[in-house]
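Colleague:
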Amino acid sequence: MSGDAAAGRMAVIDALPEATLLLERDGGVLAANPAACRLLAQTRVELTGRPLATLVYEPPAAVSELLQRWARGRQFTLGALTLLTTGGVQRCRADGALVQPSGDAGGAVLLLRLQPHRQASSGFLALNQRIDALTREVAARRAAERTLVEQREWMRVTLRSIGDAVIATDGEGRVLLMNPVAEALCGWTAAAAAGRRLDEVFVIVNEDTRAPVESPVAMVLREGRIVGLANHTLLLRPAGGESPIDDAAAPIVDDQGRTRGVVLVFRDISERMRDESRRAIFEAQMRDAQKMQAIGTLAGGIAHDFNNVLGSILTNAALARDPLHETHPSVLRLQLLSRAAERARDLVRQIVTFSRQEPQVLRRQRVRPLVDEAISMLRGTLPSVVQLECVLTDEPLAALLDATQFEQVVLNLCTNAWHASQGSTGWIRVTLDEVQVDADGAGPDPRLAAGRYAHLQVADGGCGMDEATMARIFEPFYTTKPAGQGTGLGLSVVHGIVAEHRGVIAVHSRVGVGTRFDLYFPAVELDELQPAAPPAVLQPARGDGLHVLYVDDDEIMVITVEALLMREGYRVTGCASGAEAIALVRARPQDFDAVIADFNMPGSTGLDVARAVRGIRADLPVAITSGYLSDDLRSGAADAGVRALLNKENTLEQLCALLSGMLPPRPAAPPGVSSA
Numbered sequence: 029m030s031g032d033a034a035a036g037r038m039a040v041i042d043a044l045p046e047a048t049l050l051l052e053r054d055g056g057v058l059a060a061n062p063a064a065c066r067l068l069a070q071t072r073v074e075l076t077g078r079p080l081a082t083l084v085y086e087p088p089a090a091v092s093e094l095l096q097r098w099a100r101g102r103q104f105t106l107g108a109l110t111l112l113t114t115g116g117v118q119r120c121r122a123d124g125a126l127v128q129p130s131g132d133a134g135g136a137v138l139l140l141r142l143q144p145h146r147q148a149s150s151g152f153l154a155l156n157q158r159i160d161a162l163t164r165e166v167a168a169r170r171a172a173e174r175t176l177v178e179q180r181e182w183m184r185v186t187l188r189s190i191g192d193a194v195i196a197t198d199g200e201g202r203v204l205l206m207n208p209v210a211e212a213l214c215g216w217t218a219a220a221a222a223g224r225r226l227d228e229v230f231v232i233v234n235e236d237t238r239a240p241v242e243s244p245v246a247m248v249l250r251e252g253r254i255v256g257l258a259n260h261t262l263l264l265r266p267a268g269g270e271s272p273i274d275d276a277a278a279p280i281v282d283d284q285g286r287t288r289g290v291v292l293v294f295r296d297i298s299e300r301m302r303d304e305s306r307r308a309i310f311e312a313q314m315r316d317a318q319k320m321q322a323i324g325t326l327a328g329g330i331a332h333d334f335n336n337v338l339g340s341i342l343t344n345a346a347l348a349r350d351p352l353h354e355t356h357p358s359v360l361r362l363q364l365l366s367r368a369a370e371r372a373r374d375l376v377r378q379i380v381t382f383s384r385q386e387p388q389v390l391r392r393q394r395v396r397p398l399v400d401e402a403i404s405m406l407r408g409t410l411p412s413v414v415q416l417e418c419v420l421t422d423e424p425l426a427a428l429l430d431a432t433q434f435e436q437v438v439l440n441l442c443t444n445a446w447h448a449s450q451g452s453t454g455w456i457r458v459t460l461d462e463v464q465v466d467a468d469g470a471g472p473d474p475r476l477a478a479g480r481y482a483h484l485q486v487a488d489g490g491c492g493m494d495e496a497t498m499a500r501i502f503e504p505f506y507t508t509k510p511a512g513q514g515t516g517l518g519l520s521v522v523h524g525i526v527a528e529h530r531g532v533i534a535v536h537s538r539v540g541v542g543t544r545f546d547l548y549f550p551a552v553e554l555d556e557l558q559p560a561a562p563p564a565v566l567q568p569a570r571g572d573g574l575h576v577l578y579v580d581d582d583e584i585m586v587i588t589v590e591a592l593l594m595r596e597g598y599r600v601t602g603c604a605s606g607a608e609a610i611a612l613v614r615a616r617p618q619d620f621d622a623v624i625a626d627f628n629m630p631g632s633t634g635l636d637v638a639r640a641v642r643g644i645r646a647d648l649p650v651a652i653t654s655g656y657l658s659d660d661l662r663s664g665a666a667d668a669g670v671r672a673l674l675n676k677e678n679t680l681e682q683l684c685a686l687l688s689g690m691l692p693p694r695p696a697a698p699p700g701v702s703s704a
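Going by our numbering, the sequence shown opens with residue 29, and the numbers climb by one from there.
Have a look at this one:
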């Protein structure tokens, strides 16, 4: 190469802003421009003649391979060399990835470019410092790509973990991705759904009309806002099956505010709907229970005072009829009066039973004998045109029952079924069997807990009921029967008794087809049965001059009981308050043979009288009468030493028998001496 050519060449190299070396084919440095000298911290003289391998970090073999590629005549070659600079060692590979070698490293990031010269014996090695910004941009892009990959993986894991179904679409409404929950609900895999229009994958209809529902994604793409799905929407699956769902769809927008796609989030609400249905049933039951409790409280509250009146009517009617001859014209009227009072007494008993203020006597006993007993009583009252069919299990099924109340349930239901036949030929079927409710709640009624139940069913082929009537049948005094055929308390009493037995009652009815009542009572094992105690029978006896102190704030009852007891040979002292009675006993403790006190009196109750009498004379027997005998009264009476309790409406039939059981018999009088 001539001197002029070399000078011209050097002028060109020196003018380049990037660091440039002129190399021999074997890699020796022919020349270096000022930028290269500054970068390598060496003078032009120091660099001239040096092998390229002495200026880079890589081993000589790597340098030799690069030079061989250059020698094969390629237009230019991006080097994969690490330049030894003043700041240490840095490297930028040809693919843009950064490599940090070990050791102390630093300095500028460089891209080495080998470009053949026109002369075959030499070429340029450009150490391009201006590529720093580009390299950093490439590095930032690579870092961003790695972050994007990490974010995609995070999003994938997040979507798989979300309990709701998620589908994302592009701006044309085609599926881009869907999570496993969406796959399960839609019946599509993400791979099969990719690229399909959403309305192929997400098929929704109205639950009531079965008409197609517009895709929420289409609404978002059209309106550009968040939308929610209408209620009563079903998602259909290709292989069959459907699920009620709700959802929300939102647009995916770019930095210019343009909608690029839609994300749809939806969920299966089957369980929620079941919970809401159960909650609605429970709330209705709670309202019914509160209504029953309120009416029961009212009914129980009036029972005591009403029984005072009935006791007085029945007793006085009997006393007035006693001296009259059967042919006397007043006898019939007194009998009618007594019959009306007895009917009213039965009504009060039903009220008290409904209000659950009548104590139960629960015993473990077989169920079928009680049903048989009730049916035997019923057969005598049913007309011959009504067919009564009984299908009763022979298994020794037992439950914890109050025998009287259970029989009342059977009688009330069968009587109601008879009335439903409206006087025409009809049928009544009574069924008793055992049902088992599994631990998972599978059973004939969702209210039943796991366990065994005695199942009593009473069905009829009568007129049936509509839904409005069925909603009110357990309300007291509600009846659809004509006047004189019912009080409207029969089913209310049944409801109260079943609830008190911790049972469940269900009713099924269709107008013109008939009605079926299903009752479930918790069953017990046979080895837990307790023998039923035979009922005590009190026989009335003459008073023989025994002295009775009768206490009641109702003046009519005092006069009535005095007359009743005196007719039976007792001597009677009546008083209107507990304080007065206590004062009489304290003044003459040995003068009385028995004390009978009303429970509900102002000032001092019957229990107060009993406690005071026990403190004065412990052996003096005390009995208490009341319009209803509650559990609290029974417990308090036992603590106060009360000998007996009496339902006030039964005063006529049971008072004298009660006294006979309380009092010891008098010694027989000597011949010729009166016992009066």
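Every residue, glycine too, gets a C-beta built ideally from N, C-alpha and C.
#1: Would the stretch 361 to 373 and the stretch 389 to 399 be scored as touching if the rule is three or more Cβ pairs under 8 Å?
#2: So Ala193 packs on Leu213, CB below 8 Å; how close in whole Å?
#3: The alpha helix (DSSP H) spanning Gly490 covers which residue range?
#4: For the beta strand (DSSP E) containing Asp296, name the first residue and the last one.
#5: Report the option in Ala666, Glu596, Ser632 and Arg639 whose CA atom is closest to the CA atom of Leu687.
#6: Count the other CB atoms, across all protein chains shown, that sit within 10 Å of the CB of Leu50; report buried if there are 16 or more and exposed otherwise.
#7: List the DSSP bridge partners of Ser605.
#8: With a threshold of 6 Å on Cβ separation, who are the neighbours of Ala267 within its own chain once the five nearest residues in sequence on each side are excluded?
#9: Quick check on DSSP: helix, strand or coil for His720?
#10: Helix or strand or just coil, what does DSSP make of Pro129?
#11: So what does DSSP say about Asp468, is it helix, strand or coil?
#12: Find out if the Cβ-Cβ distance for the pair Ile501, Leu519 is shorter than 8 Å.
#13: Relative to the alpha-carbon of Leu406, which residue among Asp198, Gln436 and Ala372 has its alpha-carbon at the smallest distance?
#14: Leaving out the 5 sequence neighbours to the left and right, which residues in its chain are closer than 8 Å to Ser605 when beta-carbon positions are compared?
#15: Keeping to the same chain, check which residues put their C-beta closer than 6 Å to that of Ala345; ignore five residues upstream and five downstream.
#16: When the Cα of Glu200 is compared with those of Arg174, Arg188 and Met247, which residue comes out closest?
#17: On the CB-based measure, 16 or more other CB atoms within 10 Å of its CB, does Glu462 come out buried or exposed?
#18: With 16 other CB atoms within 10 Å as the buried threshold, where does Pro357 fall?
#19: So which of Glu251, Asp296 and Asp54 has the shortest CA-CA distance to Gly269?
#20: Taking the alpha-carbon of Glu251 as reference, which of Arg66, Ala63, Val229 and Ala277 has the nearest alpha-carbon?
#21: The beta strand (DSSP E) that contains Asn234, what's its start and end?
#22: Is the stretch 544 to 552 touching the stretch 582 to 601, taking contact as three or more C-beta pairs under 8 Å?
#23: How big is the Cα-Cα spacing for Ser537 and Thr443?
#24: Within the same chain, show all residues whose beta-carbon is closer than 6 Å to that of Glu608, passing over the 5 residues directly before and after it, in chain order.
#25: Quick one: grab the DSSP three-state call for Asp659.
#26: For Gly256, I'd like the list of residues in its chain whose CB is within less than 6 Å of its CB, leaving aside the five on either flank, ordered along the chain.
#27: Please give me, in chain order, every unbroken run of the beta strand (DSSP E) with length at least 3 that falls completely inside the stretch 57 to 86.
#28: Please return the same chain residues whose Cβ sits closer than 6 Å to the Cβ of Leu648, not counting the five positions on each side in sequence.
#29: What would DSSP say about Thr163, mapped onto helix, strand or coil?
#30: Anyone know if the C-beta pair for Asp488 and Thr409 falls short of 8 Å?
#31: Would you report the Cα separation of Met38 and Pro88, rounded to the nearest angstrom?
#32: Taking the alpha carbon of Tyr481 as the point to measure from, which residue in Ala499, Leu460, Asp468 and Met498 has its own alpha carbon closest?
#33: Going by CA-CA distance only, name the one from Pro62, Val576, Val637 and Arg238 that's closest to Glu46.
#34: Could you give the residue range of the alpha helix (DSSP H) that holds Met206?
#35: Is Val241 closer than 8 Å to Thr217 when the C-beta atoms are compared?
#36: If I'm right that Ile652 touches Ala638 with Cβ under 8 Å, what's the distance once you round it to whole angstroms?
Modeller: Quick look at the numbers:
#1: no
#2: 5 Å
#3: Where Gly490 is concerned, there is no enclosing alpha helix (DSSP H), given that its DSSP letter is neither H nor E.
#4: Thr287 to Asp296
#5: Glu596
#6: buried
#7: DSSP lists no partner for Ser605.
#8: Gly215
#9: With the chain covering 29 to 704 only, the question about residue 720 has no answer from this structure.
#10: Because Pro129 sits at a pLDDT of 42, beneath the cut-off of 50, its placement in the model cannot be relied upon, and the point is left open.
#11: coil
#12: yes
#13: Gln436
#14: Val579, Asp581, Met629, Pro630, Gly631 and Ser632
#15: Leu362, Leu365 and Ser366
#16: Met247
#17: exposed
#18: exposed
#19: Asp296
#20: Ala277
#21: Val231 to Asn234
#22: no
#23: 16 Å
#24: none
#25: helix
#26: Ala276
#27: 57 to 60
#28: Val641
#29: Caution applies to Thr163, whose pLDDT of 47 falls short of 50 and renders its modelled position unreliable; the model cannot decide the point.
#30: no
#31: 28 Å
#32: Leu460
#33: Pro62
#34: Unbroken run through Met206 is the beta strand (DSSP E), Val203 to Met206; no alpha helix (DSSP H).
#35: no
#36: 7 Å
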